[in-house]
Amino acid sequence: MAETLTLTESAAKRVAWIAEKQQRPAILRLSVEGGGCSGFQYKFDLTDGSESDDSVSETNGVKLVVDPVSLDLVAGSVVDFVESLGGAAFRVENPNAAAGCGCGSSFGI
4 MAETLTLTES AAKRVAWIAE KQQRPAILRL SVEGGGCSGF QYKFDLTDGS ESDDSVSETN
64 GVKLVVDPVS LDLVAGSVVD FVESLGGAAF RVENPNAAAG CGCGSSFGI
């Protein structure tokens, strides 16, 4: 894989905290689905493991896994966890996205 995915320290801490509360492994799955206001939307789930064809990156012991189809749309992205007055959420800084929306969870290519 030419371009890797990055999970920030802030996102890794949040995944580890959620995983501990749910007594699950600290593995975050990022996938892309059709829909949202810009054409595609990000989906985040805790998972128990990775598949053999997944792309895996790791930050502070927390893994970020992405399937090959989604990877085509998010290669080179940075996954962060941000907290503001408007709330707290995982955000994807995607260099492949040509358009986005205000909610930050939808994008277009």
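The opening residue of the sequence shown carries number 4 in my numbering; numbering runs sequentially from there.
Think of the CB as a built atom: it goes at the ideal place given N, C-alpha and C, for glycine as much as any other residue.
8 Å or more divides the Cβ of Leu8 from the Cβ of Leu76.
Short of 6 Å from the beta carbon of Thr50, and not among the five residues preceding or following it, lie these beta carbons of its own chain, in chain order: Ile30 and Arg32.
Going by DSSP, Asp83 is part of the beta strand (DSSP E) stretching over Val81 to Ser87.
When Leu88, Val65, Lys46 and Ser58 are compared, the shortest CA-CA separation from Arg94 is found for Lys46. Boundaries of the alpha helix (DSSP H) around Leu74: Pro71 to Val77.
In terms of Cβ geometry, Gly52 and Gln44 do not form a close pair [threshold 8 Å].
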